[in-house]
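Sequences listed follow chains A and B, in order.
1 is the number of the first residue of the first sequence in the UniProt record's numbering; add one for each residue after it.
1 is the number of the first residue of the second sequence in the UniProt record's numbering; add one for each residue after it.
We treat Cβ as the ideally placed atom computed from N, Cα and C, and that holds for glycine.
Here the structure is a predicted model, which means the values were calculated and not measured.
Take a look at the structure below.
Protein chains: 2
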Amino acid sequence: MRTRMNREDRRTAILDAAIAVIGERGFHGFSIRELALRCAMTDAGLLHHFGSKTDLLLAVLDRRDMQDEHAIAALLPHGAAPRSRAQVLQVLAAIVARNAQHPELVRLYAMLRVEALAADHPAHAYFVTRDRMARRRFAELLNLPGEAPDRLARQVLSAMDGLELQWLQEERGFDLVATWNETAERLIP
Amino acid sequence: MRTRMNREDRRTAILDAAIAVIGERGFHGFSIRELALRCAMTDAGLLHHFGSKTDLLLAVLDRRDMQDEHAIAALLPHGAAPRSRAQVLQVLAAIVARNAQHPELVRLYAMLRVEALAADHPAHAYFVTRDRMARRRFAELLNLPGEAPDRLARQVLSAMDGLELQWLQEERGFDLVATWNETAERLIP
DNA sequence: GTCTATAACTCGATAGAC
DNA sequence: GTCTATCGAGTTATAGAC
Chain A
1 MRTRMNREDR RTAILDAAIA VIGERGFHGF SIRELALRCA MTDAGLLHHF
51 GSKTDLLLAV LDRRDMQDEH AIAALLPHGA APRSRAQVLQ VLAAIVARNA
101 QHPELVRLYA MLRVEALAAD HPAHAYFVTR DRMARRRFAE LLNLPGEAPD
151 RLARQVLSAM DGLELQWLQE ERGFDLVATW NETAERLIP
Chain B
1 MRTRMNREDR RTAILDAAIA VIGERGFHGF SIRELALRCA MTDAGLLHHF
51 GSKTDLLLAV LDRRDMQDEH AIAALLPHGA APRSRAQVLQ VLAAIVARNA
101 QHPELVRLYA MLRVEALAAD HPAHAYFVTR DRMARRRFAE LLNLPGEAPD
151 RLARQVLSAM DGLELQWLQE ERGFDLVATW NETAERLIP
């Protein structure tokens, strides 16, 4: 007896599988057929829900954005008012803790961020916009007395991304949050 | 009039072009044909020099290893004796300065490191071995009084990789070496 | 809504002429 | 040593049956 799925559940299942498979092989490296197999359907069936391979990728990014937007917005305080170092460290720890619970997403973004360096990659524009916004938000957060927020934001953001990739490479063999906290403690004066 | 090339020059030209194209599209994303076009030859002609796509990738990594081994070995001092903080910072700056002069290589390794997280990627074993060795060397270098070298090596190495990727993302729009020095100054106690 | 069938193309790799 | 020609398999995407 085959499982029936309504439209929305089916789309969700495909997008979840797409996160994993694109994170593993990259946009160029995965095939619609391979993804469809993981969803126990044919490639034609999958393309009924998402018109093309590119549209599927954009749908993945779109949905993640909507979901993450709420969580990140709740973590990052608004306004340019300086805040205490302890507050900043706490916000950063919360972001990393959240990522530690979703390694497939960390991997997806690590993969796409490198692939999308190419100007003709379907996610190029997305990452240009997204990363500029991320730097702006971090600069706002890191607006500490006597610091250059832009430079510090660049260092903190890249150290966070780098450590998360290292964590995937070592197969999550160390405590990401604890190690990050040690890094942040030193990086932020 | 067509340019004549001997075997070694031709192989070198192909490998140089391969560094660029694999860095842009990844191992899965580039085609032998595309690479051959950049070298003004056919795919069959290219495969005469490197038997297969996988062999070509391994040849790229092999040659880079041999060339880099000399440079890195000259920079990294041997032995486990503790050394001064200033010495350590100087070695790290020299490594980053070297990378800043070869953005295509930084991009190649950034791409392959993520792709090779997959156990069936042709460079998986290479990166497992290479990164373990890098961590060991850095831990040796960072054997500073009162520190846990392994933990510190992980943080320093990942921060360096992360900043280099950020530098590519911002199209080399900031001074990589100066920014790294500021990071290292804070990260290393 | 998912299938089969197929179009139109590109892939890596090989064989053999020159 | 590089070419043309070609193979078989793989790709995205579409058309139409059910």
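Buried or exposed for residue i, please, with buried defined as at least 16 other CB atoms from any protein chain shown within 10 angstroms of its CB.
i      : result
A/D62  : exposed
B/P145 : exposed
A/D175 : exposed
A/H28  : buried
A/R113 : buried
B/R107 : buried
A/S84  : exposed
B/P122 : buried
A/S52  : exposed
A/R135 : buried
B/T183 : buried
A/A139 : buried
B/A73  : exposed
B/M111 : buried
A/G173 : exposed
A/R154 : buried
B/G45  : exposed
B/Q166 : buried
A/E115 : buried
A/D9   : exposed
Is there a Cβ from chain B that is less than 7 Å from the Cβ of residue i?
i                      : result
A/L117                 : yes
residue 192 of chain A : Lying outside 1 to 189, the shown extent of chain A, residue 192 of chain A is not represented and no answer is given.
A/V96                  : no
A/S158                 : yes
A/R172                 : no
A/E8                   : no
A/A110                 : yes
A/L176                 : no
A/G29                  : yes
A/E34                  : no
A/E140                 : no
A/Q67                  : no
A/G26                  : yes
Return the residue from the list the options that minimises the CA-CA distance to residue i.
i                      : options                          : result
A/V156                 : B/R186, B/N99 and B/V114         : B/R186
A/N143                 : A/L89, A/R33 and A/I95           : A/L89
B/F50                  : B/E69, B/I14 and B/G29           : B/I14
A/R38                  : A/F27, A/H48 and A/I19           : A/I19
B/A100                 : B/N6, B/A123 and B/M160          : B/M160
A/R24                  : A/T42, A/G45, A/L57 and A/E104   : With the sequence shown as reference, residue 24 of chain A is identified as Glu, and Arg is not the correct amino acid for it. When each option's Cα is compared against that of A/E24, the closest is A/E104.
B/E147                 : B/P189, B/E69 and B/R33          : B/P189
residue 193 of chain B : B/L168, B/G173, B/L163 and B/V21 : No answer is possible for residue 193 of chain B: the residues shown for chain B start at 1 and end at 189.
B/H124                 : A/E170, A/D68 and A/N181         : A/E170
B/W180                 : B/E8, B/A118 and B/V96           : B/V96
B/Q87                  : B/Y126, B/A59 and B/L141         : B/L141
B/V177                 : B/R7, B/D55, B/H48 and B/H102    : B/H102
B/L57                  : B/A71, B/Y109, B/P149 and B/D9   : B/Y109
B/Q68                  : B/R98, B/R137 and B/S31          : First, the amino acid is wrong: residue 68 of chain B is Asp here, not Gln. B/D68 has its Cα closest to that of B/R98, out of B/R98, B/R137 and B/S31.
A/P77                  : A/N6, A/T129 and A/R137          : A/R137
A/L117                 : A/R7, A/A17 and A/G26            : A/G26
B/L75                  : B/V60, B/V91, B/R64 and B/M66    : B/V91
Where do the ends of the alpha helix (DSSP H) carrying residue i lie?
i      : result
A/A74  : K53 to L75
B/Q166 : P149 to Q169
A/N143 : Per DSSP, A/N143 belongs to no alpha helix (DSSP H) and is neither H nor E.
B/L108 : P103 to E115
A/G23  : R7 to G29
B/G45  : D43 to H49
B/A86  : R85 to A100
B/A119 : That residue, B/A119, is in no alpha helix (DSSP H); it is neither H nor E in DSSP.
A/A184 : L176 to L187
B/R38  : I32 to R38
Of all Cβ atoms in chain A, is any one closer than 7 Å to the Cβ of residue i?
i      : result
B/Q155 : yes
B/V114 : yes
B/T183 : yes
B/R186 : yes
B/G146 : no
B/D161 : yes
B/H70  : no
B/L89  : no
B/Q101 : no
B/G51  : no
B/L168 : yes
B/I19  : no
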